[in-house]
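Okay, so here's the structure we're looking at.
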Amino acid sequence: MLRIAINGYGRIGRAVLRALFERGLEQQIQLIAINDLGDHPTLVHLTRFDSTFGRFPGHIELHEASMQVNDQSIELLREREVLNLPWQRLGIDLVLECSGKLKKRDLAAQHLSAGASRVLLSHPMDSADLTVVYGVNHEQLADQQIVSNASCTTNCLAPLVKVLHQAVGIRQGLINTVHSYTNDQNLLDKTHSDLYRARAAAVSMIPTSTGAAKTIGLVLPELAGRLDGLSVRVPTQNVSLLDLTFSAERPASREAINEALRQGAQQLPSGVMECNQLPLVSSDFNGYPTSCVVDLNHTRVQGELVKVLAWYDNEWAFANRMLDVSLAWPKPQ
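What follows is the structure, given as structure tokens:
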């Protein structure tokens, strides 16, 4: 039994809890504690009711400093200092670091000093022992202590470019992720370090940056420096669309590209990549657990240039991969 704790109970933290129970993983993963600075009644309410995924399909109740989810009791903590967290007392094997605030290695390592054996980050970190995308390089998981689960966009991009690079070779490429707004943006115009994200999220398409193209080199070193990109935040609350355009090293037809994508998807673990030819839109993928769903209808080829589109639920799929990586990571002996 893997004993985990969640630090930072926002969109990803709550999605991880929901996915854990909806997938019936309680016999493999025991969620021991959640640490968040929010008050306990609010945390419980936001677990029970979710504007994106609906009501939690189970029993949830607050008991003083714990939350009961079905038959399981989860300790609720409200500790600002990571070093003061009771991971040693609680026997925590793995902390899912979902606060988004511990961007440097020395900060993430405070979980280890507090008694946890390992840390899985819900954000990219160059100085992590390993940046992992489940289904692409998770076989490299071994005795690392601090691992990054990359980003939601990288989890969509990595299996896609792995398959395409094997099939036709990627000389260089650009990505645009048409991304639903997130809590890093403002509901109304307000100061922000990124003047694009300072603008009201629900009324504009907002060009901004994405780190996915850079992070891909940490997952697939053979593609380091070959991709660049940007993001356009759009007024939808969930589900995003990856738009990849690249120069192929070996020419191929649209049909050959799509067939390579079909075959490649079948060779990856379940939940990593699928291909779709139905005329679907973003809302059709809300709550969909697959990291990358290629829309074969929109593959385009013009000479050596290839364009491929892929859908991903930027919350739910990523949270599910956090759990998959947790299970795939061998426990220390």
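Counted the way our numbering counts, the sequence shown spans residues 3 to 335.
In this text, a Cβ means the ideal position worked out from N, Cα and C, and glycines have one as well.
Quick caveat: nothing in here was measured; it's all calculated off a predicted structure.
- Between the stretch 261-270 and the stretch 179-197, the count of C-beta pairs closer than 8 Å stays below three; the two stretches do not touch.
- Note on Lys-164: 16 or more other CB atoms within 10 angstroms of its CB, so buried under the neighbour-count rule.
- Contact between Ile-177 and Ala-214 holds: their C-beta atoms lie close to 7 Å from each other, under 8 Å.
- Within the stretch 181-210, the complete beta strand (DSSP E) runs of at least 3 residues fall at 208-210.
- Per DSSP, Asn-260 is one residue of the alpha helix (DSSP H) stretching across 256-269.
- Within the stretch 136-185, the alpha helix (DSSP H) runs of at least 4 residues that lie entirely inside it are, in chain order, 154-169.
- Per DSSP, the unbroken alpha helix (DSSP H) holding Trp-318 starts and ends at 318-330.
- Put simply, the stretch 285-298 touches the stretch 308-322. At least three CB pairs are less than 8 Å apart.
- Gly-305 carries a coil assignment under DSSP once its states are collapsed to helix, strand and coil.
- Judged by DSSP in its simplified three-state form, His-113 adopts helix.
- Residue pairing from DSSP places Leu-243 in a beta bridge opposite Val-180 and Trp-313.
- In terms of Cβ geometry, Thr-49 and Leu-92 do not form a close pair [threshold 8 Å].
- Bridge partners of Gly-231 according to DSSP: Ile-177.
- Buried is the label assigned to Asn-151, since at least 16 other Cβ atoms lie within 10 Å of its Cβ.
- Segment contact: the stretch 18-34 against the stretch 137-150, fewer than three CB-CB distances shorter than 8 Å; contact not assigned.
- By the neighbour-count criterion, in which 16 or more other beta carbons inside 10 Å mark a residue as buried, Thr-292 falls on the buried side.
- Between Pro-161 and Val-274, the C-beta spacing is below 8 Å.
- Under the three-state reduction of DSSP output, Asn-72 falls in the coil class, being neither helix nor strand.
- Contact between Pro-253 and Tyr-183 fails: their C-beta atoms lie close to 39 Å from each other, not under 8 Å.
- DSSP, read as helix, strand or coil, puts Asp-286 in helix.
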